Amino acid sequence: MMVMLDMRGIDRAFTGIRDEPLYGRVKDYLRGGDRWPWLLTRFGIPASALKGKNCPCPGCGGKDRFRFDNKDGTGSFLCSQGTGEVLAGSGWALLEHVYGWTFERALEEVARVTLVDFAPMAGGGKLPVGGIRISDAPPPPQSVTIQAPGVPQVIHWQDLKIAPGARPETEAQRRYDYLMRVFQESTPLSQLDGTGLQIVRNYWISRGMGERFRMPPHMHFHPDLPDRKQNWSGPALIAWVTRPCDGANAFAYRKFVGMQRIWLNPELRNGPVNAKQSKAPIEQAKKSYGILDQGMIGSSVHLYGTEYSRIRVIGEGIETVLAWLRIQSMQGTLTESVEAHACLGTSQIKNWFAPTDKPVWLLQDNDPAGIQAAQFFRQLHPDTRILVPPQGCNDFNDFLLTLIQNPSQTRSVSPCLP
Ligand SMILES: [Zn+2]
Numbered sequence: 007m008m009v010m011l012d013m014r015g016i017d018r019a020f021t022g023i024r025d026e027p028l029y030g031r032v033k034d035y036l037r038g039g040d041r042w043p044w045l046l047t048r049f050g051i052p053a054s055a056l057k058g059k060n061c062p063c064p065g066c067g068g069k070d071r072f073r074f075d076n077k078d079g080t081g082s083f084l085c086s087q088g089t090g091e092v093l094a095g096s097g098w099a100l101l102e103h104v105y106g107w108t109f110e111r112a113l114e115e116v117a118r119v120t121l122v123d124f125a126p127m128a129g130g131g132k133l134p135v136g137g138i139r140i141s142d143a144p145p146p147p148q149s150v151t152i153q154a155p156g157v158p159q160v161i162h163w164q165d166l167k168i169a170p171g172a173r174p175e176t177e178a179q180r181r182y183d184y185l186m187r188v189f190q191e192s193t194p195l196s197q198l199d200g201t202g203l204q205i206v207r208n209y210w211i212s213r214g215m216g217e218r219f220r221m222p223p224h225m226h227f228h229p230d231l232p233d234r235k236q237n238w239s240g241p242a243l244i245a246w247v248t249r250p251c252d253g254a255n256a257f258a259y260r261k262f263v264g265m266q267r268i269w270l271n272p273e274l275r276n277g278p279v280n281a282k283q284s285k286a287p288i289e290q291a292k293k294s295y296g297i298l299d300q301g302m303i304g305s306s307v308h309l310y311g312t313e314y315s316r317i318r319v320i321g322e323g324i325e326t327v328l329a330w331l332r333i334q335s336m337q338g339t340l341t342e343s344v345e346a347h348a349c350l351g352t353s354q355i356k357n358w359f360a361p362t363d364k365p366v367w368l369l370q371d372n373d374p375a376g377i378q379a380a381q382f383f384r385q386l387h388p389d390t391r392i393l394v395p396p397q398g399c400n401d402f403n404d405f406l407l408t409l410i411q412n413p414s415q416t417r418s419v420s421p422c423l424p
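For the sequence shown, position 67 matches number 73 in this note's numbering, and the numbering has no gaps at all.
Right under this line is the structure:
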C-alpha cells in the first residue's frame, strides 16, 4: 500500500516563509539546474543511493527499500521503511527522513552548503561601466565561456582534529596530519631570528620587497623541509591556505585546506642573490598541497588585512600581490586599507568565494590564462576593478623588479591606480 507523505504541513511551512529572502535565494538556486543530487551528497548521502535504482535507504537501512526518482529535479524519493508503507516526498522530506531536520533547519543547512548568502550570480553578464583600467592589456579574448563558479566543499573540521598519535582513518585526515606536522615544525615569519631570519629577509630583498618588508602573518618558515620526490631538503616558506567561507577566524582555528611550499636557495644565508636564483635549484621550487581533491575551491592565502579593511585585493601568486602592495608603498599611492589574498592559480580565481561586502580589486597577470581568468571573474562580479601591469611585464612582481632596476620610473609610471 502506498501512503503519500502529507504535504500540508510542509505547504504551511513554505507559506510561512515564502517571502523570506533566504528561502527565495535557495529557491532560485534550486531552480538553476538539477541541484538535489549534488546537494544530498554534500550532506553525506552516498552517491550510490541516488542513481534511481532500489537500494538500502540512507535514512532507515534495509536492502532495497529506497529509490531516488528525483521527479522534475525536486529531489524526490520513495522509501518503504521496511513496513510496506511507502514514505515519499521531495528532497526536503528526504533530509528530514535521513537527518531528522525540520524544514527550517534544512533550509539553513542548504544555504550554508551552497553559500547562497554571498554567492556571486552565475553568468550575470552585465559589463561594468568605467572604473577598470585595462589600457595596457592586450585585447581580451573574443569570447569567454561562462560557467557557474565552483562551490566550496563542506569540510567537517571538528572531525579532522583527532588526538595526536591516533592512526589517520582517511586520506584527508592523513593529509591534514602532515599539514599540522609541518605547521608545528615551522615558525611564523614574525617570530624568526638567527639564520632563519637572515634567509627569509634576504629572500624578500632579492625579490624586490625592500628591507622593511612587513612579514605576512599567515606564512611560516621551515629550516629544512624535505621533498622526497625531488630528493631535496632545505629551507622553505610555507603559506597556509584558508577559505573566506570558513570565516574570519579560519586561520586561528587552523582550518587549513592546504599549503604552498616555496623552497629557497640555501645560499640566501650569506646574503641577497639575483631574483632569478632566489628559489632552490630544483625543478619545482613551488608546490601546492591540499587536504582534499576539490578542497582548494574558494581558497586563498590570506596575506594581510581583516574583515574591517575597506577593499579586498586578490591576485594569482603570493609575490604578485606582495609586489603590487610594495609598488603602492614605494609610490605612496595606497590610501585605502586592504585585505589582500593570493589565490595560487587561475582556477581558484574563477572559483573565488568570499562575502561580497566590499569592493574587489583583481590583480591580473598578463598571460592568456590570467587574462581569461580576469574576464571570467568580471562576468561573475561585475563591479570588480581589474588592475593590469604594463605591457611587457608578465605580472606585478616582474613590474616591481623592472622599477627597482630603473628607479627613474617609480614616479612617472602609475599603471595600477584607480
Ligand atoms: Zn527509509
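Every residue, glycine too, gets a C-beta built ideally from N, C-alpha and C.
This structure is a prediction, so every number in the text was calculated from the model and none was measured.
Would a C-beta distance cut-off of 7 angstroms place residue i and residue j closer than the cut-off?
i: tyrosine 182; j: isoleucine 297; result: yes
i: glycine 65; j: valine 104; result: yes
i: alanine 291; j: lysine 282; result: no
i: alanine 380; j: glutamine 370; result: yes
i: glycine 432; j: aspartate 40; result: Nothing in the structure corresponds to residue 432, since the chain is present only between 7 and 424.
i: leucine 84; j: valine 92; result: yes
i: tryptophan 358; j: arginine 391; result: no
i: phenylalanine 219; j: glycine 202; result: no
i: glutamine 204; j: arginine 275; result: yes
i: glutamate 322; j: cysteine 349; result: yes
i: isoleucine 211; j: proline 278; result: yes
i: histidine 387; j: histidine 347; result: no
i: isoleucine 303; j: proline 158; result: yes
i: valine 160; j: arginine 31; result: no
i: alanine 375; j: threonine 408; result: no
i: asparagine 403; j: threonine 339; result: no
Could you check whether the Cβ of residue i sits closer than 6 angstroms to any heavy atom belonging to ligand 1?
i: cysteine 63; result: yes
i: glutamine 87; result: yes
i: cysteine 66; result: yes
Round the Cβ separation of residue i and residue j to the nearest angstrom and send it over; I've been treating them as touching at under 8 angstroms.
i: serine 196; j: valine 247; result: Actually they do not touch by this definition, with Cβ atoms about 19 angstroms apart.
i: methionine 215; j: alanine 245; result: No, methionine 215 and alanine 245 are not in contact; Cβ-Cβ is about 15 angstroms, not under 8 angstroms.
i: phenylalanine 74; j: alanine 94; result: Not confirmed; about 11 angstroms, so no contact.
i: tyrosine 310; j: glutamate 345; result: 7 angstroms
i: leucine 328; j: tryptophan 269; result: About 18 angstroms separates the two Cβ atoms, so there is no contact after all.
i: leucine 45; j: valine 116; result: 6 angstroms
i: lysine 235; j: arginine 267; result: The Cβ separation is near 12 angstroms, so there is no contact.
i: proline 272; j: glycine 240; result: 5 angstroms
i: tryptophan 42; j: glycine 97; result: 4 angstroms
(request) Could you pull out every unbroken beta strand (DSSP E) segment of at least 3 residues lying fully inside the region 273–361, listed in chain order? (result) DSSP runs (the beta strand (DSSP E)) wholly in the region 273–361: 292–296, 307–310, 317–321, 344–348.
(request) Go through the region 363–389 residue by residue and report every complete run of the alpha helix (DSSP H) that reaches 4 residues or more, in order. (result) Entirely contained in the region 363–389, the alpha helix (DSSP H) runs reaching 4 residues are, in chain order, 374–386.
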